[in-house]
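Asks:
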Amino acid sequence: MTYLRQTSLRLLFVLLTLGLFTPTAQPLPFYQSLSHAQHALDYERPSQALLALEQALAFEPASQGLHKPAFDIAFNLGLWEQAETHLLALQAHDPSSVDTACARLKLQLAHAEVTPSTPDNVLLTSDCPGIVALLGQLASDFFKAGNFMEAVPLLQSQVALEPENSHAQAMLALYAAATEPEYATDKLREAQASSDHYARLALELLLLIQDSLAKETPAYTYAQVGQAFARTKEWHLAQEAFKQAVQLDPEYAQAWGYLGVIKDSVGADGENELLEAVRLAPEDPVFLIMQADHYNRRGEYSKALSMLEQAAALDENNPAIAVALGETYTNLGDFERARMAYRQSTLLSPDEPLFWQLLADFSLRFELDIAALGLPAARNAVILAPGSSQGWRALGYGHFLLANFSLSERALQRAVDIEPSDPIVQYYLGLLFQSQGQIDNALSAWVMASRLAPDHPYARLAQRALDALIIHR
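Going by my numbering, the sequence shown opens with residue 571, and the numbers climb by one from there.
Pasting the structure below:
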């Protein structure tokens, strides 16, 4: 951690200065606290270092040189109140120093109170180590969180300070596409040529905007842009685009529907937007399905079922509605109706591997009719999509549940060959090996599962299995 090394060197300098040049004797606890702070920084324990520095300042408030390293640590830990306290001490001691000015600018940037675009601040950045990097990090964090009012001025300042920063320019181009697509084409063209991370998305947006502006209404252009962002899971940008679409055309049911779904995806409440879509297009089952998904997310399963029953009445041969009914019946604990709904989806679309996969997953998850339902569904999923690891994974797990261990291992290894980074397959392999007494192989599989995607639910299951196995070995 660069800032810890820099702070450690600064603190060492303070220690030497105090030891060599302070005319009055310092109390022993003061030096002990400084020593503890230095030790904590050396071992990258910033919280302990900050506590020790503040203890030293409590012993000797006149040691003003400690406020700068204390500010740096508090700032990097995001402890804004403590950082503010040390900044106030710096300002009281030496209000015109570069250290004080840099600390003040850093804290203001963190709170999005200023941007370094004024002449004085631009000049100041050359004397403030790490300010430009901080500016970029803050801008990126705000942008990813959808706080565009804070992000855009910071990005503009970053580009002013670093004209060759293609990443910042690309983020500004994406924001322009979401809010003013008719003026975004030049920026997108530059982003497509210079930004590695956003090049493909910038090109897609550029072509899409050029095509839709020539053919359709502005609201349609915004909706197309929003869908492009949604496909790449840029949810906040998608939300901005769909907001613009419904403002331009309040009767645009599709835009209202997508806006509701996206609000749900970012943790907001999209119910009002979804209800508006249903009101505008009551005969379109798609919006009823969207509304049902919203209620399922919120645990309001009876409301979800009501929406889906209305959708099924409008389009009884839609396999997607059957799948949604299967999910909802499962949530309600009605496994028999859920089984019938999932089975219905495969009858309506027998050549679609997804529906066979969902039927297999349902059977295996609840261990219902594995031999008669789960395994045949998994086999059909494999036959229809032999290059997908999910079908092989379900087939392998189904054989495991029926104690067909050799067939299980063969199918699971095939799934690993197709998708080596799938933690679910590794977890299943661990169960298989454990059941056969191959403990070392089980450990290896579960370690792999826990490392591939630490936040994945099956990675956490693997970690718990590891812990239990190690305890009992």
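Just so it is clear, CB atoms sit at the ideal spot from N, CA and C, and this is done for glycine as well.
Give the DSSP-derived three-state secondary structure of residue 963 in the structure shown.
Replies: helix
Asks: Taking Cβ positions, are residue 1000 and residue 1035 nearer each other than 8 Å?
Replies: yes
Asks: Using 8 Å as the threshold, is the region 969-978 in touch with the region 938-945, meaning 3 or more CB pairs across them?
Replies: yes
Asks: With DSSP collapsed to three states, give me the class of residue 698.
Replies: coil
Asks: For the 8 Å Cβ check, are there 3 or more pairs between the region 890-902 and the region 912-922?
Replies: yes
Asks: The alpha helix (DSSP H) with residue 865 in it runs from where to where?
Replies: 855-867
Asks: Within the continuous alpha helix (DSSP H) that includes residue 737, where are the two ends?
Replies: 736-749
Asks: Could you tell me the distance, in whole angstroms, from the CA atom of residue 802 to the CA atom of residue 710?
Replies: 17 Å
Asks: Give every residue of the same chain whose Cβ lies closer than 7 Å to the Cβ of residue 1017, excluding the five residues on either side of it in the sequence, and list them in chain order.
Replies: 1036
Asks: If you check the beta carbons only, do residue 900 and residue 925 fall under 8 Å apart?
Replies: no
Asks: Under DSSP, the alpha helix (DSSP H) around residue 902 begins and ends at which residues?
Replies: First-last for residue 902: undefined, no H or E at that position.
Asks: Going by beta carbon distance, what residues of the same chain come within less than 8 Å of residue 591, once the five residues before and after it are set aside?
Replies: Here the model assigns residue 591 a pLDDT of 41, short of 50, so the residue's position is not dependable, and the following value carries that caveat. Excluding residues within five positions, none has a Cβ falling inside 8 Å.
Asks: In whole angstroms, give me the CA-to-CA distance for residue 619 and residue 646.
Replies: 12 Å
Asks: Starting from residue 1009, trace the alpha helix (DSSP H) in both directions and tell me its first and last residue.
Replies: 1009-1022
Asks: Please go through the same chain and pick out, in chain order, the residues whose beta-carbon is closer than 8 Å to the beta-carbon of residue 813, but skip the five residues on each side of it.
Replies: Cβ neighbours of residue 813 beyond the five flanking positions: 829.
Asks: For residue 816 and residue 857, I'd like the C-alpha separation in whole angstroms.
Replies: 16 Å
Asks: Pick helix, strand or coil for residue 1031, following the three-state DSSP scheme.
Replies: helix
Asks: Here's the rule: buried if 16 or more other CB atoms are within 10 angstroms of the residue's CB, otherwise exposed. What is residue 842?
Replies: exposed
Asks: Kindly indicate which three-state DSSP category residue 974 falls into: helix, strand or coil?
Replies: coil
Asks: Name the residue from 767, 749, 982 whose alpha carbon lies nearest to the alpha carbon of residue 719.
Replies: 749
Asks: Decide if the region 753-764 is in contact with the region 845-853; the criterion is three or more beta carbon pairs, one per stretch, under 8 Å apart.
Replies: no
Asks: What did DSSP end up calling residue 1025 once you bin it into helix, strand or coil?
Replies: coil
Asks: Measuring straight from C-alpha to C-alpha, what distance separates residue 982 and residue 958?
Replies: 12 Å
Asks: Between the Cα of residue 781 and those of 732, 795, 768, spot the shortest distance and give me the residue it belongs to.
Replies: 795
Asks: So, for residue 1024: in the same chain, excluding its five sequence neighbours on each side, which residues have a beta-carbon less than 7 Å away from its beta-carbon?
Replies: none
Asks: Ignoring anything shorter than 4 residues or poking outside the region 914-940, list the alpha helix (DSSP H) runs there in chain order.
Replies: 923-936
Asks: Here's the rule: buried if 16 or more other CB atoms are within 10 angstroms of the residue's CB, otherwise exposed. What is residue 1010?
Replies: Exposed is the call here.
Asks: Which of the three DSSP states is assigned to residue 727 in this structure?
Replies: helix
Asks: Using the Cα positions of residue 1005 and residue 961, report the straight-line distance between them to the nearest angstrom.
Replies: 22 Å
Asks: Below 6 Å CB to CB, which residues in the same chain sit around residue 713 once its five sequence neighbours on both sides are set aside?
Replies: 721, 741
Asks: Going along the chain, which residues of its own chain have a beta-carbon closer than 6 Å to the beta-carbon of residue 947, five neighbours each way excluded?
Replies: 926, 929, 930
Asks: Could you tell me which of 638, 745, 613 sits nearest to residue 623, measuring between CA atoms?
Replies: 638
Asks: Excluding the 5 residues preceding and the 5 following residue 915 in the sequence, name in chain order all residues of the same chain whose CB lies nearer than 6 Å to its CB.
Replies: 889, 892, 893, 925
Asks: Among 1031, 877, 677, which one has its Cα closest to the Cα of residue 641?
Replies: Distance from the Cα of residue 641 is smallest, within the candidate group 1031, 877, 677, for 677.
Asks: I need the DSSP call for residue 835, collapsed to helix, strand or coil.
Replies: helix
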